[in-house]
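Now the structure itself:
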């Protein structure tokens, strides 16, 4: 979930969503869309995307362009489009990154606007899904690293479990 740089209002929302998901595993969250265009959610999402840097999408817009235009104005317009349900994601810019073996790895670059919307969705949905994930699942989890997975494997080996299965879904996200 959030960290020290996450505003208190966002942490309170995330904590409430996770508590509800943990307490009532059968509960269905039907009313989350209005959280998406909250000012604190969009600003936090923007800051997280800004910290990640990344190349521009098909529209060519950079964070510098947004800040020249006015971050608050840009976020306000995005919030309004979300509120009015007129927001539509743009096409993904496809680039190919060379791999050490000479092959190319396809990479999709969403626009910054789409990245901010996706990060806002992560801020809202992650605490709900985190409540249901088993502690043995380490991939793409907040506050859990590959080192934690290695520690778990080492502990299992020390406890007499001699077999390890390594599974990889090759090129799963390429399409």
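In our numbering, the protein residues as written are 48 to 222. Yeah, the Cβ is synthetic: ideal placement off N, Cα and C, and Gly gets one too.
By the beta-carbon neighbour count (other beta carbons within 10 angstroms, threshold 16), residue 158 is buried. Residue 84 sits buried, since 16 or more C-beta atoms from the chains shown fall within 10 Å of its C-beta.
Counting other Cβ atoms within 10 Å of its Cβ, residue 61 reaches 16 or more and is therefore classed as buried. According to the DSSP assignment, residue 200 belongs to the alpha helix (DSSP H) that extends over 193–205. In the three-state scheme derived from DSSP, where H, G and I count as helix and E and B as strand, residue 79 is classed as coil. Rounded to whole angstroms, the Cβ separation of residue 104 and residue 69 is 36 Å, and the two are not in contact under 8 Å. Take residue 79, set aside five residues on each side of it, and the residues of its chain with a beta-carbon closer than 7 Å to its own are 171, in chain order.
Contact between residue 147 and residue 91 does not hold, since the beta-carbon distance rounds to 36 Å and is not under 8 Å. Residue 93 is positioned such that its CB atom lies no closer than 8 Å to that of residue 129.
Going by C-alpha positions, residue 207 is about 30 Å away from residue 178. When secondary structure is reduced to three states using DSSP, residue 216 falls in the coil class, being assigned neither helix nor strand. Taking 4 residues as the minimum length, the region 119–162 contains no alpha helix (DSSP H) run wholly inside it.
In the structure shown, the three-state DSSP call for residue 62 is helix.
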